[in-house]
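Residue numbers (the working numbering): 603 to 755.
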């Protein structure tokens, strides 16, 4: 009986991950057309949730044009345009600081403060800010490499 409960909980968690991942995917896609909504963080969240929910969903999303066009360069090269990085850091910081403002528990305040610090540390030490011109050059080179790989297969 205990094993059955674990299986049921596992399925429920997977379904929740798929639903939240799908909502995140829709919001990220809307962000392509509305510059006020960031695409990259929502696509990162979708990838994270889909990978943990289902191998089929993960493969579908990671091989989709949406992911490859908007996240492929970041995932492969760990680079972002300066503007993209600024928007991402600002919006995520605003969300975390808003949550921090409404939380009256010391432990959660510490957790959110650590998250904010880790986010900035990650972007300072792991993500290289580049100009839009450099970003487009990298994207173009990736497309050329894909065409060469397709010809070799």
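All residues carry an ideal CB built from backbone N, CA and C; glycine is no exception.
All figures in this text were calculated on a predicted structure; none of them were measured in a lab.
| Asked | Found |
| --- | --- |
| Given residue 651 as reference, the closest of 633, 673, 674, 626 once Cα atoms are compared | 626 |
| Chain-order list of residues whose beta-carbon lies under 7 Å from that of residue 640 (same chain, five-residue window excluded) | 633, 689, 690, 693 |
| Which residues DSSP lists as bridging residue 731, in chain order | 682 |
| Residue 684 to residue 643 span [Cα, whole Å] | 15 Å |
| Close beta carbons around residue 730, own chain, < 7 Å, minus the five adjacent residues each side | 680, 681 |
| Chain-order list of residues whose beta-carbon lies under 6 Å from that of residue 623 (same chain, five-residue window excluded) | 648, 651, 652 |
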